[in-house]
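Chains as they are written, first to last, in our numbering: chain A, 1 to 450; chain B, 451 to 900.
Below is the structure:
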């Protein structure tokens, strides 16, 4: 090992602890970033880990021009890495949930710790993978799976460990946030901005995962499980995308002192847990309302600490690598001293995890922004307010927009108080049947985040 | 121990690992918060620590009405706690640097880990205390010493461990931020707001520590040492307070698109390290410019991750307790498994710490806001710009305020490019000697924070 170390590490400082040997599987954006940061910052990383971290092997179908792998062995079969007896930690950066799952399982069976950036894998298969890891005396770490370079998993799992977490709300998809920011700043419409984001490489050719909230749901369920101490329940996350947000709603929100953000929200009360991803109006005074472009942020409310916020790059080669390597360093201290990592996968000891009921979306309580299109005539507004009142819904603010010159339809904009969603939907159903109401009532949830 | 546990813990769940026994020294604001949160959240805390945390003893000269200590033994001599063979962790919450230092030393000599919220103690005596702790096989942890409930020490030390930290900038004194926020929002002057802050309990009777930046300097030096991997050098921090900030400068900054914040700034370049606390103009677009009132935030720039920000309550009973308890939980995992905590005190292994030169303030490079009072006559502005140009200073923006009706003096407001401070001071000296210049030139540093 010392010889190998001399070969690949110029500043090998002869730390007394044994070096930790990692195998990187996948040499795409995150894989190459991980390689490059490990090489560039090896002095700092060794000093912080208390031992040297050696890239023992790379598994990748092809090389990456962004990454000069030098004398490090590159194999084409990633499973070779998972079985390599000289690898202590397998770094899974291939993505997806089929081969990646097999790879992680093989690594665990071979008693290797796993570091992954794979949110889908953890969100959908974390429960069984964690159990398998615990049975084999190894750990899976996944800081990079949520909010890229922001150390939010560590903050929730360790930094806020004294707290009952009451709720958290995150901008955890950079693509969606970029689109909403552009819509607000430039008054553009969704599809326009999406096309540009695709051209710039911020959005995938198939943007469904990002703009429909599936990616955010993966991340949200991971955060929620750590926050509340419960098994992962990805299938229970309510998901609503941003593709129906219209420029006029962005403008109306602004004028009312709000911003529209695509939030992942998790909260816990005596009734159960809420897990939901949807466009949300939030007061512009909140720090998180001012997180723009591709940046991510997570706001966490603990009973002792109050609100805290974590902000940074939610994606990208080196920001994600930053989290991957932080996990490797955490593991390295244990591996170098031949001890077992003491941190539970979801923060809570696995036997202490509890299944809390996840509320259906109809049962959640929140405030609403409504945009009602109506014929411009007497009595319409008064009918609407009467229906709302019958459903026990108070109106906090109302703005009536003059009809445009060409037509005779007015927009009525309302902010409601906090109500159960099913009450609101019942009211909307009644309103839509009213004479003089045109088309569906647009509704967007509103959260004060205090 | 089991019996004791049954007596004081109603939900004692019979974890298989041995309970971790702590002794709390000091039952003031933070001590009572720590006691109360440990009691209220004991189920979550045990589940996260993987073992029970038992308050074995409290050392306090007097009780605290905010805290019902029940059957827990309370002794008057805190040194009894430090010597108690049944205490694993001494929690130092008495403050100050004389008795507290002796207490921590006694605890270490008795092979106890120490958790402290004491920024002055760590900033001024950390180097020797850490060495003593390492010699005795124990750890001192101090998350609560910086930015209250924000887990910033953990984020820097572990979460960003892959990075070369380039710089960090923090609003790390809530009192100062409250005063500056009020000055901006309400156009009030410094002494007015200070008096109110004292009445509200946000500021001490002697506000020097807070408003002159000494408290922030304590915190800054701790952050900088962890960020850059160097021994603590409190005496080298440059400190300038906010008591000279005038309402007109707050207004001018606003009109130029900036906010004035009292920042602690640490940066590292090939020339050395900058450690400085002073009022700073920052662009209002930056998230940290919008951190208001008593809240704290730290912006950290890593070479891999880019900018990240951490926000939350910087003081207060339970926010600070949140950090104290997070440290206890981190230690508990090791104590319960009879292993030695693997995390170095300052993130870098102690033998890897390096002394970097700390630049004197004259040698730092930054941009400046200048307010020059001048007779309202021809040629003054042109003379000033000529002097600036001779010193190699470019002017990025200039605003000339009309003289008020009663007088004939104008204010010239300038933003400069980035220059060495000594160059700027030389220019100011020359300007102040010019005919038509009235009184001293007001200068406030400006940072873009990108």
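Just so it is clear, CB atoms sit at the ideal spot from N, CA and C, and this is done for glycine as well.
Because the structure is a prediction, the values reported are computed rather than measured.
- Annotation: the segment 567 to 654 of chain B contains the following complete segments of the alpha helix (DSSP H) (minimum length 4 residues), in chain order: 569 to 585, 624 to 636, 640 to 650.
- Here the C-alpha atom of residue 545 (chain B) lies approximately 48 Å from the C-alpha atom of residue 420 (chain A).
- Judged by beta-carbon spacing, residue 290 (chain A) lies within the 8 Å limit of residue 737 (chain B), meaning their Cβ atoms are closer than that value.
- Looking at A:63, A:145, A:42, the one whose alpha-carbon comes closest to that of residue 320 (chain A) is A:145.
- Counting only the Cα atoms, residue 422 (chain A) lies some 17 Å from residue 433 (chain A).
- Closest option to residue 429 (chain A), judged by alpha-carbon separation, among A:25, A:391, A:69: A:391.
- Beta-bridge analysis with DSSP links residue 475 (chain B) to B:509, B:542.
- Within chain B, the residues placing a beta-carbon under 9 Å from that of residue 325 (chain A) are 611, 612, 613, 754, ordered along the chain.
- For residue 154 (chain A), the chain B residues whose Cβ falls inside 9 Å of its Cβ are 601, 604, 605, 608, 609, in order along the chain.
- Within the same chain, 162, 163 come within 7 Å of residue 304 (chain A) by CB-CB distance, once the 5 residues on both sides are set aside.
- For a Cβ distance threshold of 9 Å, residue set 305, 306, 307, 308 of chain A lies close to residue 763 (chain B), ordered along the chain.
- From the listed residues A:232, A:277, A:105, the smallest Cα separation to residue 350 (chain A) is found for A:232.
- The beta carbon of residue 353 (chain A) lies closer than 7 Å to those of 229, 230, 231, 346 in the same chain, with the five residues before and after it left out.
- When DSSP states are grouped into helix, strand and coil, residue 703 (chain B) belongs to the helix group.
- Any Cβ of chain A closer than 8 Å to the Cβ of residue 794 (chain B) would place that residue at the interface, and such an atom is present.
- The beta-bridge partner set that DSSP reports for residue 756 (chain B) consists of B:752.
- Between residue 206 (chain A) and residue 153 (chain A), the alpha-carbon positions lie close to 28 Å from each other.
- Under the DSSP assignment, residue 769 (chain B) falls in the alpha helix (DSSP H) whose first and last residues are 767 to 786.
- Residue 562 (chain B) sits close to residue 537 (chain B), with the two beta carbons spaced by under 8 Å.
- Secondary structure at residue 898 (chain B): coil, using DSSP grouped into helix, strand and coil.
- Per DSSP, the beta-bridge partners of residue 409 (chain A) are A:375.
- Bridge pairing for residue 388 (chain A): absent [DSSP].
- Taking a C-beta distance under 8 Å as the contact criterion, residue 22 (chain A) and residue 91 (chain A) qualify as a contact pair.
- DSSP, read as helix, strand or coil, puts residue 353 (chain A) in coil.
- In chain order, 47 make up the part of chain A whose C-beta sits under 7 Å from the C-beta of residue 802 (chain B).
- Residue 620 (chain B) and residue 747 (chain B) do touch by the CB rule: their CB atoms are close to 7 Å apart, below 8 Å.
- For residue 784 (chain B), the neighbours in chain A by C-beta distance under 8 Å run, in chain order, 342.
- Of all residues in the segment 685 to 698 of chain B, none has a C-beta nearer than 9 Å to a C-beta of chain A.
- Counting only residues of its own chain and dropping the five nearest sequence neighbours on each side, residue 849 (chain B) has a CB closer than 6 Å to the CB of 863.
- About 7 Å separates the CB atoms of residue 359 (chain A) and residue 273 (chain A); that is less than 8 Å, so the two are in contact.
- Scanning its chain for C-beta atoms nearer than 7 Å, with the 5 sequence neighbours on each side dropped, one finds around residue 25 (chain A) the residues 59, 78, 81, 90, 91, 92, 93, 94, 103, in chain order.
- Taking a 10 Å sphere around the C-beta of residue 355 (chain A), we find fewer than 16 other C-beta atoms and assign the residue as exposed.
- B:881 is the residue among B:885, B:881, B:900, B:898 whose C-alpha sits nearest the C-alpha of residue 891 (chain B).
- For residue 847 (chain B), the enclosing beta strand (DSSP E) stretches over residues 845 to 851.
- A Cβ-Cβ separation of about 27 Å leaves residue 174 (chain A) out of contact with residue 63 (chain A) under the 8 Å criterion.
- With respect to chain A, the C-beta atom of residue 772 (chain B) has a partner C-beta closer than 8 Å.
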